[in-house]
Amino acid sequence: MERSPHFTADLAHLPTSAHGPRSTTWWGTLGFILIEATAFALAAAAYFYLMGQTETWPPGQSPPDWLWGTVQLVLMLASLWPNLWTDRVAHADDLRRVRIGLVVMSAIGLLTLVVRAFEFGALNCRWDDNAYGSIVWVLLGLHATHLITDVGDTLVLTVLMFTKHVEPRRFTDVTDNCVYWNFVVCAWVPLWALLYVVPRLV
Amino acid sequence: MSARDTSARDSARFIRRDGPALGEAETHARLERTWATPPGLWGWLSSVDHKQVGRRYIVTAFVFFLLAGLLALAMRMQLAGPNQTLLTPDRYNQIFTMHGTTMMFLFAVPVMEAFAIYLVPLMVGTRAIAFPRLNAFSYWVYLAGGVMLWVAFILNVGPDVGWFSYVPLAGPQFGPGKRTDFWAQMVTFTEVAALAVAVEIIVTVLKQRAPGMSLNRIPLFVWGQLVTSSMVVFAMPAVMVSSSMLIMDRLIGTHFFNPAEGGDALLWQHLFWFFGHPEVYIIFLPATGFVSSILPVFARRPIFGYTALVLALFATGFLGFGLWVHHMFVTGLPHLGNSFYTAASMAIAIPSGIQIFCWLATLWDGRPRFATPLLFIIGFIVIFVLGGLSGIMLASVPIDSQVHDTYFVVAHFHYVLIGGAVFPLFGAVYYWFPKFTGRMLSERAGAWNFALFFVGFNLAFFPMHILGLIGMPRRIYSYPAGLGWDDLNLLATAGALILAAGVLVFLGNVWHSLKYGLVAGDNPWGAGTLEWATSSPPPSVNFVHIPVVTGREPLWEEPNGLAAVSGLRVDQRELLLTTVVDAEPDVREPSPMPSIWPLLSAIAVTVLFIGSIFTPWAVVWGSIPLAVGLIGWFWPKSPPDTPEPVVE
Amino acid sequence: MRARAPMALLCIGGLAGCERVRHGVQSALDPAGHQAGRIADLWWLFLAVLAAVYALVLILLLVAAFRPRRRGRVPVGSAFPQEAPTERRLTRVLVAWAVGTTAIILTLTGFSYAVDRDILSLGHRAELTVEITAKQWWWQVKYDDPVPNRSFETANEIRLPVGVPVRVILKAQDVIHSFWVPNLHGKTDLIPGRVNETVIVANREGRFRGQCAEFCGFQHANMALDVVAVPRAEFDAWRESQLAPAVAPSDEQSQEGQRVFLTSACVMCHTIRGTTAASRVGPDLTHIATRPSLAAGTLPYSKGNLAGWIADPQRIKPGSQMPVTGLSADQLQSVLAYLDGLK
Amino acid sequence: MSSPCRRAVSLLLFAAFALAACDREDREPRGAPVGESGPGATVQGTLYAGEPTPPDPRRQEYEGNAYHISQGKQLYVWFNCGTCHANGGGDIGPPLMDDVWIYGDSLENIFATIVQGRPNGMPSFRNKIPETQIWEIAAYVRSMSGQTPTAASPGRNDSLNAKPAEQRTPKAEPKNSNPGGPGVEGRQ
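Residue numbers (this note's numbering), protein chains in the order written: chain A, 180 to 381; chain B, 7 to 654; chain C, 325 to 667; chain D, 4 to 191.
In structure tokens, the structure reads:
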């Protein structure tokens with residue numbers, strides 16, 4: 180096609196990066212969040228299925244101790260505030276504030292990992308005791324992997340934001356990271372109920 | 007040369023956008039410089055061009071198709087007569103397991119994704135797939151998983167418990183050794199790849215459509231791939247969860263499937279079929295996309311019932327999740343529940359019926375041209391409808407209780423999968439081969455290919471309906487004489503050989519046409535969708551100018567060339583993002599350059615997955631190289647992009 | 325043309341089958357029991373309706389492809405001129421088509437549901453209870469009786485009185501198996517950790533073959549069982565004979581055989597009631613000589629086959645749990661004499 | 004097209020498995036040929052196990068073979084070895100999952116122990132259990148104390164979870180493995 184086509188519009192004025200649903204990464208993040216949410220839902224379904232198989236639940240063991248799981252819950256819910264703040268300042272492309280937010284979020288992330296380690300210690304069961312132990316460990320482990328990946332992502336972004344790699348697109352990455360952290364927290368609330376409350380109800 | 011040209015060229019040198027200011031040749035040259043994949047092995051390994059990755063996917067998937075086909079022939083040889091001892095039971099069990107696993111996980115799903123990877127960006131008029139590096143990564147992971155499984159098989163560590171790996175047979179006590187662990191990890195590999203591709207396709211379709219391609223103008227093939235990808239997102243996690251549970255039961259002593267410790271064997275079946283049934287539609291819906299793309303071109307009439315077809319796609323995708331239990335009718339579940347799944351399973355016949363009718367109507371109202379692609383589509387209708395109808399029989403609890411796990415079911419799903427997916431697939435190869443390679447496949451060989459394929463298929467699989475009804479169960483390595491199964495089995499084996507001959511003709515046709523095939527123009531079939539608006543094979547940039555879409559078959563509605571938009575950069579990889587519903591131009595987003603990191607990350611993942619077959623600690627130490635790979639992948643390359651040029 | 329030739333082939337294949345289904349010992353289309361009968365009827369109904377639908381689709385396809393059309397070829401690439409009326413007419417037909425499909429689906433679902441209820445109703449009239457435990461790769465069969473000492477065990481064989489519904493309790497010891505006697509009823513899985521139940525009834529005398537229908541490993545292919553339907557009186561007689569302990573060996577060779585049996589590997593796995601052999605790993609051999617077949621339907625019973633089976637079970641059924649015992653030739657002969665006497 | 008790198012990867016994987024996989028995953032249900040008595044017989048003759056004899060040719064078929072070991076595990080249950088040895092923890096009979104090998108820790112030693120029986124209660128199973136099965140049981144007994152590669156040792160059973168599966172049992176380095184039979188350190 181050597182003949183130049185008929186141009187209906189010139190798009191030079193369009194921006195080269197945009198936040199939220201206007202960018203592809205936002206949709207990509209959403210896609211992976213859906214995938215992981217499905218995995219959580221299925222693991223939870225397996226939990227209830229196995230619960231239906233046995234008359235006493237948990238069988239033999241006492242339920243996980245309240246303390247660390249609840250600490251985790253409070254910590255995560257509290258982390259929503261700095262997270263949303265970081266999201267807002269990232270939308271405003273405010274580098275100084277974004278740096279603060281990222282440092283804070285990295286600290287909180289590492290803290291949640293420490294708490295998670297204590298949670299495993301307080302489960303009162305081993306994965307190879309019985310089906311209950313197995314599913315409990317898998318649920319907690321599944322969420323732990325999400326914690327680890329997101330904390331890792333946050334740390335890398337923090338480093339980037341203090342180097343010469345600061346570009347408009349980086350701020351989009353920050354907002355997507357915030358979206359993902361919101362998901363990790365939202366996933367923890369029902370999981371917490373499943374692991375700590377349900378065994379005490381039945 | 008005069009001073010005026012030189013000054014013109016000088017000024018032209020600073021133009022970094024396409025548009026009237028820059029000549030066609032110059033635009034083309036600059037875009038080529040920007041988008042071309044670097045030459046040599048390194049370039050080959052680091053390519054992120056969706057067309058190259060798509061081609062690799064297609065070729066690899068067909069290699070696995072041939073390998074699994076050879077296994078099928080081995081089985082047919084063993085079963086050609088009663089009490090044959092060509093294969094030991096151990097070998098036979100590995101072979102039928104590898105056949106099913108390879109066909110489902112390494113051929114059917116990947117080949118459909120492969121066509122999506124190649125065609126969707128072209129059909130929606132964009133320059134690259136979304137997340138091209140993730141795309142390259144997914145291919146390497148898929149390749150590693152497939153190769154791992156086959157190497158294991160060659161080393162006599164092939165899985166031997168069926169592609170469905172029912173526990174406890176696949177569990178730690180009755181599946182000694184590593185055979186089933188390789189199966190479970192292969193699942194992890196292929197699901198990671200499939201999920202990545204699903205996300206890419208969804209985002210490409212939603213955000214990267216050419217200006218004017220509003221939802222009601224999306225080609226039906228793209229609709230099919232969109233629905234399929236959404237199904238992948240919700241179905242594949244089920245099999246990843248279940249296969250992880252299986253491998254944990256086998257390696258670290260969890261008790262998910264151990265009844266003595268509160269587990270349950272049926273939990274596996276629920277999780278597996280919650281994936282396994284949608285899987286069938288994940289394979290079938292893209293095939294309907296092939297049909298809906300090919301039929302109008304050879305009926306020379308726009309598809310009838312576009313809206314009905316799109317709605318049917320969504321209905322199928324939705325219902326597909328509601329009927330996994332019909333694989334478990336004979337496990338002793340409550341009968342009331344079962345009859346619900348009967349209704350749901352039969353209900354899926356309604357959208358399928360609507361699709362069939364729309365295709366027949368298109369053909370009826372058109373002026374058919376019987377080229378090879380259309381032959382395969384007609385073969386598809388003849389075979390698939392029969393498979394669908396036997397599916398209605400299987401949906402009935404009483405009938406299923408007789409034919410479940412017999413050769414009747416084998417016949418049924420081969421009619422549905424080969425008829426419903428492989429026939430359209432071959433039609434699609436004949437149809438898009440000119441676009442992929444720039445050369446036509448031989449029509450004459452194509453007719454032979456179709457005839458042998460069609461006759462061989464029906465000879466091979468129709469008798470199996472009867473075999474099942476007269477009592478022949480699935481997955482038996484041998485059968486006694488005198489049950490009346492002998493000559494029907496012989497007939498089936500003969501058919502299988504004819505089918506194989508058809509495949510050979512196909513291979514010969516491809517091999518010959520690659521060298522000597524007629525050179526195809528941009529649009530040899532006179533089709534109406536965007537992939538035919540660019541050259542064959544397409545340039546690495548896909549479209550020199552982003553086209554503007556004015557209808558469902560733009561090339562039919564704009565016989566004298568499509569309008570285009572200008573203003574995208576020619577010195578950097580840039581995509582045009584549009585709005586989700588109306589495809590209004592919205593953002594010019596950069597697209598990544600080639601990178602070796604996806605391959606390195608894939609290797610890290612491979613080490614982690616294979617290592618974890620032998621020790622759970624591999625998950626810990628294997629995650630370190632993986633982390634390195636991912637950081638290298640996402641680390642911005644300095645120097646940062648050249649500054650945005652001023653708007654001319 | 326292209327569509328017709330294969331159809332002919334399909335019909336040939338069909339006929340070849342029909343010949344065969346008239347009478348088969350393992351055929352779902354040769355019903356000998358109430359449920360199998362109802363299911364077969366249902367299947368023929370489905371076949372009739374769906375075959376009609378299929379014929380309709382094929383005719384539409386042929387017409388659509390080959391109907392005569394107005395002359396004048398359309399230039400490749402340009403869209404076919406669409407007349408709105410055609411579009412509207414086709415849409416109306418589409419709606420009718422969808423409604424028709426729905427109607428057919430609903431009808432068939434209704435029939436299927438009715439048959440399902442009817443089959444289940446049989447359970448209440450069961451007079452006899454048989455407990456089956458599936459093992460890799462054979463069937464342990466236990467005839468229960470309220471009077472404990474009137475229960476007895478056998479293997480790979482079920483006898484039942486004609487016309488009497490029998491409740492079958494289904495258990496699995498190792499992996500999942502499936503209990504399927506096509507001439508009598510559809511299949512039901514036997515799943516470790518679960519207890520399933522089905523009911524079978526034979527309407528006529530005869531010997532039917534059942535086979536494991538869920539893949540269960542090495543010898544899934546050779547895991548069959550015999551179902552023998554006999555008149556009530558004959559059944560009661562058989563039952564009494566099975567209740568009796570094993571007959572004591574009469575002649576010298578059989579006595580030697582019993583001695584070998586009780587001192588060799590045999591005794592590690594098998595039970596012969598009335599002797600010290602009481603291991604429950606393998607099948608109960610108390611009345612092995614009365615059974616129609618050996619090794620879970622792999623061989624018809626005969627002294628010769630028994631010899632071959634004991635001499636080298638791994639050749640006849642590779643991977644089965646029966647080991648090569650390495651008896652000497654005359655040990656083997658005497659054991660054969662003994663076992664063949666266990667009527 | 005993608006064949007060069009497929010070849011590369013497959014070579015890589017070959018390197019990974021080729022060594023172990025083949026024999027370890029082999030499933031030969033017949034077991035070793037029966038009837039003839041190989042060097043195993045010379046062991047059977049003596050009261051004391053493991054005096055210098057050439058390794059039995061049948062050894063490498065059973066030792067570290069996943070299928071035979073799992074068969075052995077099944078036979079261990081079927082033949083009620085547990086009534087004396089429990090799940091390996093020992094009861095009337097000595098424990099089998101510890102590091103003490105009173106009559107030697109080689110496959111041939113264990114084979115001989117089962118065939119001949121031993122003082123203080125271990126009966127002789129000569130002619131009671133076919134040799135193929137004795138080899139399988141012996142192979143399993145070695146896995147109980149982690150003497151076999153974890154890739155071949157059995158996983159957990161579908162039964163009550165008494166102890167971690169053999170594949171997760173740490174290897175107990177054989178100490179005072181005494182080919183000369185029980186000395187002073189004999190059976191505690």
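C-beta: ideal position from N, C-alpha, C; glycine also.
If you compare alpha carbons, which of the options is closest to residue i?
i, options, result
"L574 of chain B", "B:V547, B:V461, B:S484 and B:L329", "B:V547"
"V387 of chain C", "B:A570, B:A569, B:P591 and B:W370", "B:W370"
"E139 of chain D", "D:Y79, D:G67, D:G75 and D:E28", "D:G75"
"D575 of chain C", "C:V373, C:L666, C:Q460 and C:F435", "C:L666"
"L73 of chain B", "B:F463, B:A42 and B:A506", "B:A506"
"V525 of chain B", "B:S448, B:F467 and B:L319", "B:S448"
Any beta carbon from chain B within less than 7 Å of residue i's own beta carbon?
i, result
"D26 of chain D", "no"
"L630 of chain C", "no"
"H270 of chain A", "no"
"G401 of chain C", "With a pLDDT of 47 at G401 of chain C, under the threshold of 50, the modelled position of this residue cannot be trusted; read the value that follows with caution. Yes, G401 of chain C counts as interfacial toward chain B."
Establish whether the CB of residue i and some CB of chain C are separated by less than 7 Å.
i, result
"D492 of chain B", "no"
"A349 of chain B", "yes"
"L133 of chain D", "Reading the sequence as shown, one finds Pro at residue 133 of chain D and not Leu. Yes, contact with chain C."
"Y413 of chain B", "no"
"V336 of chain B", "yes"
In this structure, what does DSSP give as the bridge partners for residue i?
i, result
"M125 of chain D", "D:R121"
"G534 of chain C", "C:L549"
"Y467 of chain C", "C:V454 and C:F476"
"F130 of chain A", "Limits of chain A in this structure are 180 at one end and 381 at the other, which puts residue 130 of chain A out of reach."
"N520 of chain C", "C:L494"
Do the CB positions of residue i and residue j come within less than 7 Å of each other?
i, j, result
"S407 of chain B", "K511 of chain C", "yes"
"G534 of chain C", "L549 of chain C", "yes"
"A661 of chain C", "Q566 of chain C", "no"
"Q350 of chain C", "G534 of chain B", "no"
"V554 of chain B", "P217 of chain B", "yes"
"A155 of chain D", "D102 of chain D", "no"
Should residue i be flagged as near chain D, meaning a C-beta pair shorter than 7 Å?
i, result
"V625 of chain B", "no"
"P642 of chain C", "yes"
"V163 of chain B", "yes"
"S652 of chain C", "no"
"A327 of chain C", "With a pLDDT of 46 at A327 of chain C, under the threshold of 50, the modelled position of that residue is not reliable, and no figure is offered here."
"G89 of chain B", "Gly is not the amino acid found at residue 89 of chain B; the sequence shown has Asn there. Not an interface residue."
Cβ closer than 9 Å: which chain D residues qualify as neighbours of residue i?
i, result
"Q179 of chain B", "S73, K76, Q77, P157, G158, R159, N160, D161 and S162"
Residues of chain C with CB closer than 8 Å to the CB of residue i, please, in chain order.
i, result
"D187 of chain B", "Residues of chain C passing the Cβ test: none, with the nearest at roughly 17 Å."
"P152 of chain D", "The contacting residues do not exist; P152 of chain D stays about 23 Å from chain C at best."
Run through chain B and tell me which residues come within less than 8 Å of residue i, C-beta to C-beta.
i, result
"Y228 of chain A", "D270, L273 and H276"
"A168 of chain D", "P178 and G259"
For residue i, which residues in chain B fall below 7 Å Cβ to Cβ?
i, result
"W306 of chain A", "I258 and T260"
Taking CB distances under 7 Å as the criterion, tell me whether residue i reaches chain A.
i, result
"A502 of chain B", "no"
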